[in-house]
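Data block below; observations after.
Residue numbers (the working numbering): 4 to 83.
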């Protein structure tokens, strides 16, 4: 069964991130907060596409649902 830590590792291994937090304990449904400079200048859909790309086929096979909040480092700093 896939864990939240697995999902975090998958994202971090393919997308340069300043912060990744993943929660979920049923092995199929997860919620993530992802902070990456790669999101600068991209709309929310483009940001989410980058995350889905980092997960590749796992989104079709292992992960049934991933809700996410994507932020640039500047947006993340502004939330503190």
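Every residue, glycine too, gets a C-beta built ideally from N, C-alpha and C.
For residue i, the first and last residue of its enclosing alpha helix (DSSP H)
| i | result |
| --- | --- |
| residue 48 | 47-58 |
| residue 14 | 7-17 |
| residue 63 | 61-64 |
Supposed contact pair residue j and residue i - C-beta distance, whole angstroms, cut 8 Å
| i | j | result |
| --- | --- | --- |
| residue 35 | residue 19 | Residue 35 to residue 19, Cβ: 15 Å. No contact. |
| residue 76 | residue 23 | No, residue 76 and residue 23 are not in contact; Cβ-Cβ is about 13 Å, not under 8 Å. |
| residue 66 | residue 58 | 7 Å |
| residue 79 | residue 15 | Not confirmed; about 15 Å, so no contact. |
Element boundaries [beta strand (DSSP E), containing residue i]
| i | result |
| --- | --- |
| residue 26 | 22-26 |
| residue 68 | 68-74 |
| residue 35 | 32-38 |
Same chain only: Cβ atoms within 7 Å of residue i, ignoring 5 sequence neighbours per side
| i | result |
| --- | --- |
| residue 70 | 34 |
| residue 81 | none |
Residue nearest to residue i in terms of C-alpha spacing, selected from the options
| i | options | result |
| --- | --- | --- |
| residue 4 | 23, 32, 51 | 32 |
Nonlocal neighbours in the same chain, by C-beta distance under 6 Å from residue i, ignoring five residues either side
| i | result |
| --- | --- |
| residue 25 | 7, 10, 11, 33, 35 |
| residue 72 | 36 |
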